[in-house]
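Numbering follows this note's numbering, with no gaps: position 200 of the sequence shown is 323.
Even glycine gets a Cβ: it sits at the ideal position worked out from N, Cα and C.
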Amino acid sequence: MKIYISADMEGVAGVVHDAQLGPEGFDWERACDLYTDEVLAVIAELRELGAGDITVSDSHGTGLNLRIDRFPAGVRLVRAWPRRLGMMEGIDHSYDGAILLGYHSGSHNPRGVRAHTMSSANVFELSLNGRLVCEAELSAYLAGHFEVPVWMLSGDDAICDEIVGSMPNCEPAVVKHAISYHSADSLVPKDALEVLRGATRKAVARRKEIQPVALAGPVTMDLAFKNHRPTELLAYLPNVEQLDAHRVRFVGKDILEVSSFFEFALNYSPDLKP
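The structure is reproduced here in structure tokens:
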């Protein structure tokens, strides 16, 4: 088996607060260890089940959070930004399945630890073909473009509930229950690792039941920002329509083109260096 793992940090057991999510936080180093432990537990289980080729995408924050020196030989690690395919950079038709580890609910969800869509500071909402989506669904559609099914997703109970309708048969792994945006009733790491390994086993055993989810082109993306200026400036582009003071629309021939525009919209600045 050839497996793609896209990993985020907000859905990791024990991770609940800003202080854990970036290098400036006093508990970030420890959170990076928790994050790495969960990814390594899934890799170990996949190896036992016969996976010989595994790619991991560090898809949180700087993309430099996973402890690369702790990874076993033979694993590929996608790090840092920018990437045209965002959290799924490197996915292609050669993969048998994908796992979304440590994901969280979308900004439109009233529940969930750190519920946001791509940028809690800048993005208000993201919709594809008229339907609000979260990061997990965007990742699943990118995988689906290459006919790769998402076998398993881990995170809090809010994200596992959120994707039931859009990602049928995906195996959920709940490692914490959301109390509020910055609070959760979490499993301790040792128990969370057992849940992840068990869900990985179930997902691999059920893999023939799980089909890819894809969006046929063209794909319409409506992107709502929390501030006015990104909307105004993006509307200068001839293929972008300004819908209101906070919202723009882009129509791509497929989800890949939409992803490229989305990454541009979130990352471009004229003072970028080098």
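Item	Value
Taking the continuous alpha helix (DSSP H) assigned at residue 324, which residues delimit it?	312 to 328
With H, G and I counted as helix, E and B as strand and the rest as coil, what does DSSP make of residue 348?	strand
Look at residue 221 and residue 271 and say whether their C-beta atoms are less than 8 Å apart.	yes
Excluding the five sequence neighbours on either side, which residues of its own chain have a C-beta within less than 6 Å of the C-beta of residue 172, listed in chain order?	327
Since residue 203 is in the beta strand (DSSP E), which residue starts that stretch and which ends it?	Segment: none, residue 203 is in no beta strand (DSSP E) and carries neither H nor E.
Measure the C-alpha to C-alpha separation of residue 194 and residue 162 and round it to an integer number of angstroms.	9 Å
What residue from 394, 140, 316 and 292 has the CA that sits closest to residue 330's CA?	292
Just to check my reading of the structure: residue 139 and residue 307 have Cβ atoms closer than 8 Å, yes? What is that Cβ distance to the nearest angstrom?	5 Å
Alpha carbon to alpha carbon, how far is residue 135 from residue 311? Give it in angstroms, no decimals.	10 Å
Determine, using beta carbons only, whether residue 389 and residue 242 come nearer to each other than 8 Å.	yes
Out of 289, 299, 325 and 267, state which residue places its alpha-carbon closest to the alpha-carbon of residue 280.	299
Are the CB atoms of residue 158 and residue 132 nearer to each other than 8 Å?	yes
Excluding the 5 residues flanking residue 349 on each side, which residues of the same chain have their C-beta closer than 8 Å to its C-beta?	244, 245, 246, 247 and 369
How big is the Cα-Cα spacing for residue 152 and residue 190?	10 Å
What residue does the beta strand (DSSP E) around residue 296 start on, and which one ends it?	294 to 303
Could you name each continuous alpha helix (DSSP H) segment of 4 residues or more that falls completely within the region 133 to 189, going from the start of the chain to the end?	151 to 171
Name, in chain order, the residues that DSSP records as bridge partners for residue 130.	181 and 224
If you measure from the CB of residue 185, is any heavy atom of the ligand GTP nearer than 7 Å?	The ligand GTP is not part of this structure, which contains no ligands at all.
Hey, which unbroken runs of the alpha helix (DSSP H) at 4 residues or more fall wholly within the region 235 to 290?	258 to 268 and 280 to 285
Let's test the definition: count the other Cβ atoms within 10 Å of the Cβ of residue 240 and tell me whether it reaches 16, buried, or not, exposed.	buried
With residue 307 as the anchor, note down where its beta strand (DSSP E) starts and where it stops.	306 to 309
Which residues share a DSSP beta bridge with residue 343?	374
So does the region 248 to 267 actually touch the region 215 to 230, counting three or more Cβ pairs closer than 8 Å?	yes
Determine the extent of the beta strand (DSSP E) in which residue 364 is found, giving its start and end residues.	363 to 365
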